[in-house]
Structures are given as C-alpha cells and as structure tokens.
Amino acid sequence: LNMCFSLHYKKIKERVGLSELDLNFMGEVASTPRGRGILLCIQCGRCSSGCPVARLTSEHNPRRLMEMIIVGFKKEVLPTQLPWYCLSCFTCLDRCPQGGDVGEVTFALRNLAVRQGNIPAGVAAQAKSLYETTRVINPVRTALDRRASLGLSDITTDGLEEVQKILKRTGMDKIVKST
Numbered sequence: 006l007n008m009c010f011s012l013h014y015k016k017i018k019e020r021v022g023l024s025e026l027d028l029n030f031m032g033e034v035a036s037t038p039r040g041r042g043i044l045l046c047i048q049c050g051r052c053s054s055g056c057p058v059a060r061l062t063s064e065h066n067p068r069r070l071m072e073m074i075i076v077g078f079k080k081e082v083l084p085t086q087l088p089w090y091c092l093s094c095f096t097c098l099d100r101c102p103q104g105g106d107v108g109e110v111t112f113a114l115r116n117l118a119v120r121q122g123n124i125p126a127g128v129a130a131q132a133k134s135l136y137e138t139t140r141v142i143n144p145v146r147t148a149l150d151r152r153a154s155l156g157l158s159d160i161t162t163d164g165l166e167e168v169q170k171i172l173k174r175t176g177m178d179k180i181v182k183s184t
C-alpha cells in the first residue's frame, strides 16, 4: 500500500509517503512548553483569515502550518522559515473558537527549530547580545550621548550573571556560543 499526501506549500510541491511522516510530531510540539494549543486545532482557518503576515505572503498560512504539524510534516517545517514568520500579534488567539493559540505553538516550533540549528542570524545576534550584555539590542552612541546630556546614569550590565545562569539552565548558552 503506497499512500501519499500531497503537500501544496508555495515552495514545497512534492508527494510525501506515509512512511516519511513523523507521526509523533504533534505530540512533540504539544509536550514542548507553549505547544499545547496544537491539541485544540479543528482546522477552521479563522487564524489564517485574521493573520496580518498571511495577507502579505502566501508562504505563511497558520491553518496550514497547524495541519502540517498534525499530519507529521516535521522535516518540512522545522528546518524552514515557517516557524519564523509569525509576528506574535496573537490575532489568531482572538479568532480561534477553541481558544487555541497558534502564536504559542509557533514559539514551541521555534524552540524545536533552534535545537536543530535553524535560527535566523538576527535572532542569533540578539541572543548573543543578551548573553553578553543583558540587552537584546545595544544602544547606539547617539543614544548614550543623549542619556549623558540628560544626566542619566551609564547603562550597566547589572544582572549579567543571573541572565547567563538562566540561559545556561535552558541550554541557550551553547546555542549562542555556536553561532
């Protein structure tokens, strides 16, 4: 018996055999912190109809992304840009009749993607900056000069050890150092 699913994503047009699906993918996402919303999805599509990113690019379709997780298209999701399109506006949560949170599921996907080495350069740079300075974005010289002219104190790295301790406990320090 050779059953196949056709995957009609803009950049992925191929037939995938059932043996290539990861039937544990939905469970893996659901057991990841913030991933339980996948269990509530009834594929109604209301998340996609309100998504501002979906209006701009056909590559991002929250309903289809949830479907891909449910069906088991792990290797078609995690190593791609799909987990990184979401803006975290949570319009999907407002629209979902089940209270499912595609935005939260997307955070779970990002965590899984990062563990596989799929991390955009900008996100990696922000994580590295957080690890080294306690700030995601460091102020530019003009902002520092303006602070000084207003009599504000210098920006410090107070709490650096605590931030690094948290990042080490989550394993993020290894990811930051490998980028």
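Under the numbering used here, the first residue of the sequence shown is numbered 6, with each subsequent residue one higher.
Idealized CB from N, CA, C, for every residue including glycine.
None of the values given here were measured: they were computed from a predicted structure.
| said: I'd like to check one pair, PRO57 with LEU87: are the Cβ atoms closer than 8 Å? | reply: no
| message | Suppose the cutoff is 6 Å on Cβ atoms and the five residues either side in sequence are ignored; what does the same chain contact list for PRO67 look like? | response | CYS52, SER53, CYS56, CYS97 and VAL107
| Contact set for ALA185: own chain, Cβ-Cβ below 7 Å, skip 5 residues either direction | For residue 185 there is no data in the structure shown, the boundaries of the chain being 6 and 184.
| Excluding the five sequence neighbours on either side, which residues of its own chain have a C-beta within less than 8 Å of the C-beta of GLN121, listed in chain order? | LEU83 and PRO84
| query | Can you give the Cα-Cα distance for PRO144 and LEU117, rounded to whole angstroms? | reply | 30 Å
| Which parts of the stretch 78-102 are runs of the alpha helix (DSSP H), unbroken and 4 residues or longer, counting only runs that do not cross its ends? | 79-82 and 96-100
| message | If you follow the alpha helix (DSSP H) that PRO67 is in, where does it begin and where does it stop? | response | 67-76
| said: Looking at VAL181: is its Cβ nearer than 8 Å to the Cβ of ALA132? | reply: With respect to the 8 Å criterion, VAL181 and ALA132 are classified as neighbours on the basis of their beta carbons.
| task | Provide the residue span of the alpha helix (DSSP H) that contains VAL110, from first to last. | result | 107-120
| query | Which value, in whole angstroms, describes the spacing of the CA atoms of THR175 and PRO38? | reply | 12 Å
| query | Exposed or buried, which one is LYS170 when buried takes at least 16 other CB atoms within 10 Å? | reply | Burial call: exposed.
| Skipping 5 residues on each side, what residues in its chain have a beta carbon closer than 7 Å to that of PRO125? | TRP89
| said: Whole angstroms are fine: how far does the CA of THR162 sit from the CA of THR62? | reply: 39 Å
| query | For chain B, is any of its Cβ atoms less than 8 Å away from the one on LYS79? | reply | You won't find chain B in this structure, because it holds only one protein chain.
| Cβ shell of HIS65 (< 8 Å), same chain only, five flanking positions each side left out | CYS56, VAL58, ALA59, LEU87, TYR90 and CYS91
| Can the beta-carbon of MET71 be found closer than 8 Å to that of VAL119? | no
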